[in-house]
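Shown next, in C-alpha cells, is the structure this report addresses.
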Amino acid sequence: MRKFFCDELFEVGQLVKIDKTESRHILQTLRMKEGDELLLMNGEGLLADAKIAKIEGRNNLFCELLQVTHAPRPKLKISLFVAPPSNGTLALILKQAVELGVHSVYLMACQYSVSKSKKEKNVQAELISAAKQSGNPYLPKVLSGLTFKEALALAPANNFYGAVPSDDFSAPENSIGEAGVWIGPEGGFSDSELQEIQKLPACPLAIGPYILRVETAVNSVCSVLMSKYGQA
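Using the numbering used here, you'd call the opening residue of the sequence shown number 1253 and step up by one each time.
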C-alpha cells in the first residue's frame, strides 16, 4: 500500500486533511480517487490504514482513518552528532539516518567544517521522503547550527566515534539503551575536539583499515551499533 505523510494524531474514524504537497501527488500524479485506500504515517510512530473520503478541487483531499497502529521504536536510541559536509551529501546522510532508525541528528560546526547547515524546511522534506520510502514510522529530531561545545553538552551516557583506522572497536558487551555517534567533517576532528570526545567518555569504532567519507562513516557506524545493540 502506498505511504503518505500526515502531521496529525490519528484516531479511528477521524477525517484528516492531507497537505497540498501530498494531495497534489495523490490526485495529479497517481490519479487516485474517492474510495481508494492508502497508508498514512505521522512521523511519531502512528500508522493509519485510510481511504480517500472527500476531494475538493485539485489539491484538497480528506481521508477517513480505518485502522490505527502504533509501531515500536528500535531498542537502541542513536543520537548522531555530525559535522555536515556539502549540502548534497547532507541529504544522503539524513536519508541514511531515517533508514537506520536514528533517533536524533545534531548538526554541529567543527574546526575543519566546510558546510553550513541546510534550511529546516528542506531538511524536513528530505526526512519525510526517506520515511515514506523506507517505511520507518519515526522521523528523527534534527537540531542544526550547534557549536561543538553545545553538541558535547547533549551527549548521552554511551558514545562512539569513527571512523578511526588506527584504533580497535572497544564497546560495552552488555546491552545499552542509547548511544551517541560522533562523525567529524571531511578533515576529521581536530586534536582538541577528539580529546573532548574521549573525555565523555567515548569508544573508538574502526570500520576497516581506510579513512571513510562522512556519509560512509555515518552509515557504517550506525549500522554496526544498531546490529549489536538495537535488536529486540
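For glycine and all other residues, C-beta sits at the position ideal for the given N, C-alpha and C.
Burial state of residue i (16 or more Cβ within 10 Å)
i, result
"N1410", "buried"
"K1306", "exposed"
"Q1385", "exposed"
"G1460", "exposed"
"P1456", "buried"
"K1347", "buried"
"E1289", "exposed"
"P1453", "exposed"
"V1366", "exposed"
"Y1358", "buried"
"V1268", "buried"
"S1479", "exposed"
"L1279", "buried"
"L1477", "buried"
Neighbourhood of residue i by C-beta distance below 6 Å, restricted to the same chain and skipping five residues each side
i, result
"L1500", "The chain is shown only over 1253 to 1484; residue 1500 falls outside these bounds and no answer can be derived."
"V1375", "V1394"
"V1473", "G1414, V1433 and L1457"
"E1430", "K1329 and P1408"
"A1382", "K1347 and V1350"
"Q1319", "D1301"
"I1380", "F1257"
"P1326", "G1353 and G1482"
"L1317", "F1262, V1264, Q1266, A1300 and A1302"
From the options, residue whose alpha carbon lies closest to that of residue i
i, options, result
"S1427", "I1449, L1328 and E1308", "L1328"
"K1285", "V1350, G1309 and N1294", "G1309"
"S1275", "E1296, L1313 and L1344", "L1313"
"Q1266", "G1287, I1278 and C1315", "C1315"
"Y1481", "F1412, L1290 and D1443", "F1412"
"N1311", "T1321, I1270, Y1462 and A1349", "I1270"
"E1378", "A1349, F1262, L1261 and P1324", "A1349"
"Y1364", "G1387, G1340, N1294 and E1445", "E1445"
"G1297", "T1321, Y1462 and K1451", "T1321"
"C1362", "A1323, D1443, P1324 and G1387", "D1443"
"A1405", "G1387, P1324 and S1331", "S1331"
"N1388", "A1323, I1345 and K1272", "A1323"
Spatial neighbours of residue i in its chain, beta-carbon cut-off 8 Å, leaving aside the 5 residues before and after
i, result
"Q1447", "none"
"M1360", "F1333, V1334, A1335, L1398, T1399, F1400, E1402 and A1403"
"D1282", "The question names Asp, but residue 1282 in the sequence shown is Leu. Excluding sequence neighbours, L1282 sits near R1254."
"N1471", "Q1348 and L1352"
"G1287", "K1303 and I1304"
Own chain residues within Cβ distance below 7 Å of residue i, not counting five before or after
i, result
"K1451", "none"
"T1341", "V1466 and E1467"
"A1343", "E1378"
"S1475", "L1352"
"N1260", "One detail in the question is off: residue 1260 reads as Glu in this sequence, not Asn. The residues are V1268 and N1294."
Checklist entry - Pairing CB atoms from the region 1349 to 1362 with CB atoms from the region 1374 to 1393, are three or more of them under 8 Å? => result yes
Next on the checklist: Extract the residue ranges of the alpha helix (DSSP H) inside the region 1426 to 1459, only unbroken runs of 4 or more that lie entirely within it.
Outcome noted: 1443 to 1450
Next on the checklist: Does the region 1425 to 1443 come into contact with the region 1453 to 1467, if we say contact requires no fewer than three beta-carbon pairs (one atom in each stretch) closer than 8 Å?
Outcome noted: yes
Checklist entry - Which parts of the region 1266 to 1307 are runs of the alpha helix (DSSP H), unbroken and 4 residues or longer, counting only runs that do not cross its ends? => result Restricted to the region 1266 to 1307, the alpha helix (DSSP H) segments that are unbroken, complete and at least 4 residues in length are 1272 to 1276, listed in chain order.
Checklist entry - If you scan the region 1338 to 1406 from start to end, which runs of the alpha helix (DSSP H) of 4 or more residues do you find wholly inside it? => result 1339 to 1351, 1372 to 1386 and 1400 to 1405
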